[in-house]
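Protein chains: 4
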Amino acid sequence: MGMIGGGRGAFIGGVHRIAAGIDGQIELVCGALHIDPEIATLSGQDLFLKPERIYKTYQEMFEKERELPADERMDFVSIVTPNHVHFDPARLALENGFHVVCEKPIAFSLDEALQLQKLVKETGLTFALTHTYTGYPMVKQAREMCTSGTFGKIRKVVVEYPQGWLSTPIEQTGQQQASWRTDPKRSGKAGSVGDIGTHAENLAETITGLKISELSADVSTFVENRLLDDDANILLRFDGGAKGILHCSQICAGEENAIKIKVYGEKGSLEWHQHEPNTMFVKWLEKPMEVYRTGNGYMGASAAAHTRVPAGHPEGYLEAFANIYRDFTKVLQAKLDGVDVDPIFNDFPTVDDGVRGMKFIDAVIESGQNNAAWTKIV
Amino acid sequence: MGMIGGGRGAFIGGVHRIAAGIDGQIELVCGALHIDPEIATLSGQDLFLKPERIYKTYQEMFEKERELPADERMDFVSIVTPNHVHFDPARLALENGFHVVCEKPIAFSLDEALQLQKLVKETGLTFALTHTYTGYPMVKQAREMCTSGTFGKIRKVVVEYPQGWLSTPIEQTGQQQASWRTDPKRSGKAGSVGDIGTHAENLAETITGLKISELSADVSTFVENRLLDDDANILLRFDGGAKGILHCSQICAGEENAIKIKVYGEKGSLEWHQHEPNTMFVKWLEKPMEVYRTGNGYMGASAAAHTRVPAGHPEGYLEAFANIYRDFTKVLQAKLDGVDVDPIFNDFPTVDDGVRGMKFIDAVIESGQNNAAWTKIV
Amino acid sequence: MGMIGGGRGAFIGGVHRIAAGIDGQIELVCGALHIDPEIATLSGQDLFLKPERIYKTYQEMFEKERELPADERMDFVSIVTPNHVHFDPARLALENGFHVVCEKPIAFSLDEALQLQKLVKETGLTFALTHTYTGYPMVKQAREMCTSGTFGKIRKVVVEYPQGWLSTPIEQTGQQQASWRTDPKRSGKAGSVGDIGTHAENLAETITGLKISELSADVSTFVENRLLDDDANILLRFDGGAKGILHCSQICAGEENAIKIKVYGEKGSLEWHQHEPNTMFVKWLEKPMEVYRTGNGYMGASAAAHTRVPAGHPEGYLEAFANIYRDFTKVLQAKLDGVDVDPIFNDFPTVDDGVRGMKFIDAVIESGQNNAAWTKIV
Amino acid sequence: MGMIGGGRGAFIGGVHRIAAGIDGQIELVCGALHIDPEIATLSGQDLFLKPERIYKTYQEMFEKERELPADERMDFVSIVTPNHVHFDPARLALENGFHVVCEKPIAFSLDEALQLQKLVKETGLTFALTHTYTGYPMVKQAREMCTSGTFGKIRKVVVEYPQGWLSTPIEQTGQQQASWRTDPKRSGKAGSVGDIGTHAENLAETITGLKISELSADVSTFVENRLLDDDANILLRFDGGAKGILHCSQICAGEENAIKIKVYGEKGSLEWHQHEPNTMFVKWLEKPMEVYRTGNGYMGASAAAHTRVPAGHPEGYLEAFANIYRDFTKVLQAKLDGVDVDPIFNDFPTVDDGVRGMKFIDAVIESGQNNAAWTKIV
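Residue numbers (my numbering), protein chains in the order written: chain A, 2 to 379; chain B, 2 to 379; chain C, 2 to 379; chain D, 2 to 379.
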């Protein structure tokens, strides 16, 4: 694998490298790790890359790598840059024949996302989007139970992603993560909505198998002089009649990364929190709540296939992330071997989720600008 | 105390009697306990009322009781009937010089509520509305911390009251509690919104000290042939700029009476669930979350004054309810004694909360009928 | 009911009065409320007792009350004094024909307890011991499930009652509750073991239906100059081969009244905490843990009969306490009516539990004095 | 790194490989992966080892590897075999100049453990023992707070490790993990005590910095025909006067790997569960309980240095395990570089913990055979 972004000072790049490394199937062989060539070089040395494969730009990386023999060049590229540098390297990767793992949101605009979707379709290459939370085994269990009708028809979804780390204007202190995330030039038209709201949207649609048809969003910026939203309260309507609420916030003082979801059906419901991701509460109309725990024999096939340790030994965020990489490489390997991949492993967010996320962002921001008018996601 | 409603087959009447009895200061002396005179009589006998004070109608009760000598007649009346029979007995009570404890919602319409408000003002009588949840000591602690600025300016409020007991059309089976609550003739224009949404509204406004200025409500009826709403998702805007979400539902399969609230300020936040009412989570920007527990020395004066047992011995719903009755009688006693009541005990929902609740219901239902258009609460 | 002890400055007396009052069936008619006659009088006035039934001593109370006509005199006496004043009033009550509710531990010595047991047998009077925790509906559910074989043969029991309030020598500050509880002359030979260890023992034996056959106790006094134990770690062996651990402590800094129990059988297990008494965790070998909640339709008959409010409205310590009084009066009423009481209500700790508790204390203290040698409970 | 054991069918070997791989600093270069040479070969191929470095025996591995040039041969060996094959390969490794990571318990007998301790001292090589739980950042925080006196003098420790997976005689079904763990020839004289009791002992001594001086153990085998203990209830006494309880069990039906600990000091206490390892409850005498969470700025230096992701993204068992490997390699690297390692990373269980564990096992088993007589750990 090659990596774009993720050099010194970055956060998510290191997470990708751990996630890619956990199962011992992926090796980082090259990178264009920073926009500043000097930092890029130092970052490459930190990671023991061969000097000739520490690239100054991703353009150079694609050019050089595609010239290498097939068994030497990187198999795919991992794009871990701020939002405004997702599209171009992803496009170039696809055009140069490389599979892609890309951070979310997939692009800066819906138009870009649609271009990538078209390119993926045309090239037949594999594209994974790192909506980490759907990599948790318990989320897969939730999806299996919802979509197989365990709870009857879904009526209501409540999903939230509260954070508190932007409660004060820390972007004005130069904090790197805060700076680009609150900067429309690097983050896009949305702040909290793009950064974490899309995760909530993806989680809700993935678990329920339902699509949000329209939404009404009250979008706010609480911190003075902040240029993007830091909070949104959103009413949801799903295809088929379910209703819901989604809220995301970066000014919920004291909250960490508290993404959680509740799904209510006619016969029962589920509740899952990232805080304790190996647990899911399953509630019923007329019998005791059940507490599902990963690693147990009663778990479904998909959850079981994405669990690494026995019940009671907690798995976390890095393992969820690693599940995306692991499945992605299984698909690549199957392609190389000319066989069909076991469908249980063909299970990670794709370019389609990326397009969906951009549509969600567009709808939320549009609704927000229209005093929370109902806005369709088409 | 006299009681209207609460005879055989009723639920909340018995709760009121326990709540009134816990502190040993209130005695039930008379009642018009059921609309059916025969059941009224039997119910009165169940409760050891003297035969001559078991009344057939509340009209009769007021007539007869006011004729009794001051030290014999009931001091106040407790109204525990379905919603459509709140206004008239409350009005009569006030007109006949009796203080009132009334179940919520206070009346069938805002107009009725305003009439009662006027009457209370004119008569100088005391009127308590049993929004039970604000009787919990920890809710008083939450209010004290919010309104004294502990968390800085409040930015966001998330309050919810999910129930699951109306997930199926049990009103069609003759279940008494379900029948009147889903019947517009007895419940009013709102179902879940009136029954439990008003509790959530009252809790949010009480704790924060802020008023909801406008709201956007997506109101639903999920169960076929049900005549009133059984679910509502509501965006809130408060005076002063805070935003929020309120949702109430009776189709959240597997939920019991899971009212909970989170309030986020600039500097910290709180979280409280009725499920474990003696606990409150207090979160901060840069230090560990604290877990407040009733009965401890660090609790504020109001919480302490409304706690009966030492820390670690859980108190519950009946004690919260009893706090309303206890404080109400303290006010009555002070009036009798011609002294000022200790302000710490002059602390229960009043006719003003009742008016507020009716305005909330009106706004939610109007917004719901207008596709969740923003609707002001005036 | 008459009361002995529980005057000004007392804690548990007030709890008894609330518990007795909750269901509206019991009236406090007389009392010998304090050892100091002046305080006794003032305390009686606080509680609106008639002057002639405010007694100076319990001896006087029994004398005068038994002279009253049957329909006027108290039906039973509630003894809420410190431990060293349990036996004598209980004995006198029984000898004078009064039923008894008594605080635990039942007496100052096993010998006294055995005398009371004999008296109860001879007189046929009813004797209730307020081991409050077995009054919780969920504890009744636990007992029903354990003793009916739901979990197979019981193998292991872990029960604990940690408190932190005696972490410092507050008895030296004159704190009333601490003073008598750490004073061998008023408390008996045991401190924490008698005060809370007996609750743990009673809970474990009640829920499992098993008797502790022998124990090995490491008994400690951590606070300097304290005269009684403030901590004990105890190995348990039960009849039939189950093993267990019991620990009680008053120096567990930061703990409130955190009594909890886990019972492990061949096929499953349960876990219950007083902290959240309406919940019980039920674990199985090969299926998800279930969370039982009071007030739901799936609860057993005994739990249902001892629950007052619907699921989700928490009940607490006072309601558990009230269940003892409620059941006690049902037995009394049945005796008065000459009928058999419904066995579901003939369910409270009796003089036999009291004897058992004294044997437990004796065994623990003896074992502690012998370096935790195994000591039988006979 | 080379590996001994951990081939097809093994559990813990895979865990070691993930743990070693997470930080991208360790490469598996050779192995003697199974006692059956054929399976050893297949297992080596699974892991992409070079054919010439897939060894048939560990003896062969040491012989061949030591002949390789320093920059080619393995730097250390990881021993992940059943208990009876820990000592000999560890001894050989040390004698051949290789550093060692070894599974616990360190050996089959105390005598073997002492030999290894001597060898480590003599050779100056580095030896890590994988008591995983002390690798959790929150455990390091607990240790820091306890040993720096945050809670005052420690008075009481309650540590438990309940599992339920051996509730039935699954060793008789051929289940591989159960088979060797219940076989005295492969596991040693102890079953649950060696397998998980030693983890509890190590956790308690590590966090508190106190040593157990003597213990009284009631050791049981509940499952018929099982050859080793599957449950133990143990009273502890620590140097300096603290008391405690340790219990470990493999017949606690429904429990997963529920290791947890509570430590009570004069001024406060802590509680930590593996179930939710990123959280620690810190309780105080007179202020609200605090909930520490990894990844926050208020965490101590050691916890911070062993945390990989921001607060709220859960880390788990594999990351705790990886912390041992990461620190171990930092020590090795420092040795190679001839510099002192940053003490914050010189932090993993060593051969001394291994000796301690064997002494603990010996004492528990001896006490168990003597009806729980107090037995010293020397």
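For every residue, glycine included, the Cβ atom is placed at its ideal position computed from N, Cα and C.
Are any of the Cβ atoms in chain B nearer than 7 Å to that of residue i?
i: residue 290 of chain D; result: yes
i: residue 324 of chain C; result: no
i: residue 203 of chain C; result: no
i: residue 269 of chain D; result: no
Label residue i either buried or exposed according to how many other C-beta atoms from any shown protein chain fall within 10 Å of its C-beta, with 16 as the threshold for buried.
i: residue 12 of chain D; result: exposed
i: residue 340 of chain A; result: exposed
i: residue 152 of chain C; result: buried
i: residue 49 of chain B; result: exposed
i: residue 101 of chain B; result: buried
i: residue 302 of chain B; result: exposed
i: residue 350 of chain B; result: buried
Taking Cβ positions only, does residue i come closer than 7 Å to chain C?
i: residue 145 of chain A; result: no
i: residue 227 of chain D; result: no
What do you reckon, are the CB atoms on residue i and residue j nearer than 7 Å?
i: residue 139 of chain B; j: residue 79 of chain B; result: no
i: residue 170 of chain A; j: residue 229 of chain A; result: no
i: residue 191 of chain D; j: residue 211 of chain D; result: no
i: residue 359 of chain C; j: residue 114 of chain C; result: yes
i: residue 202 of chain B; j: residue 361 of chain B; result: yes
i: residue 312 of chain B; j: residue 296 of chain B; result: yes
i: residue 343 of chain A; j: residue 130 of chain A; result: no
i: residue 103 of chain B; j: residue 75 of chain B; result: no
i: residue 219 of chain C; j: residue 373 of chain C; result: yes
i: residue 402 of chain A; j: residue 162 of chain A; result: This structure cannot speak to residue 402 of chain A, because chain A is shown only from 2 to 379.
i: residue 17 of chain B; j: residue 121 of chain B; result: no
i: residue 346 of chain C; j: residue 331 of chain C; result: yes
i: residue 248 of chain A; j: residue 246 of chain B; result: yes
i: residue 316 of chain B; j: residue 317 of chain C; result: yes
Taking only the alpha-carbon atoms, compute the straight-line gap between residue i and residue j and give it to the nearest angstrom.
i: residue 6 of chain D; j: residue 106 of chain C; result: 58 Å
i: residue 19 of chain C; j: residue 323 of chain B; result: 11 Å
i: residue 293 of chain A; j: residue 277 of chain A; result: 12 Å
i: residue 234 of chain C; j: residue 241 of chain D; result: 17 Å
i: residue 389 of chain C; j: residue 236 of chain C; result: The displayed coordinates of chain C run from 2 to 379. Any statement about residue 389 of chain C would go beyond what the structure contains.
i: residue 94 of chain B; j: residue 46 of chain B; result: 23 Å
Give a yes or no on whether the minimum CB-CB distance between residue i and chain A is below 7 Å.
i: residue 25 of chain D; result: yes
i: residue 287 of chain C; result: yes
i: residue 253 of chain B; result: yes
What is the C-beta distance between residue i and residue j, in whole angstroms, given that I count them as a contact (C-beta under 8 Å)?
i: residue 34 of chain B; j: residue 15 of chain B; result: In fact, because the Cβ distance is near 11 Å, the residues do not count as touching under 8 Å.
i: residue 83 of chain A; j: residue 238 of chain A; result: Contact flag wrong, Cβ pair sits at about 32 Å.
i: residue 194 of chain A; j: residue 365 of chain A; result: 5 Å
i: residue 251 of chain C; j: residue 166 of chain C; result: 6 Å
i: residue 125 of chain D; j: residue 22 of chain A; result: About 31 Å; that fails the 8 Å criterion.
For a cutoff of 7 Å on Cβ pairs, would you count residue i as touching chain D?
i: residue 310 of chain A; result: yes
i: residue 272 of chain B; result: no
i: residue 5 of chain A; result: no
i: residue 258 of chain A; result: yes
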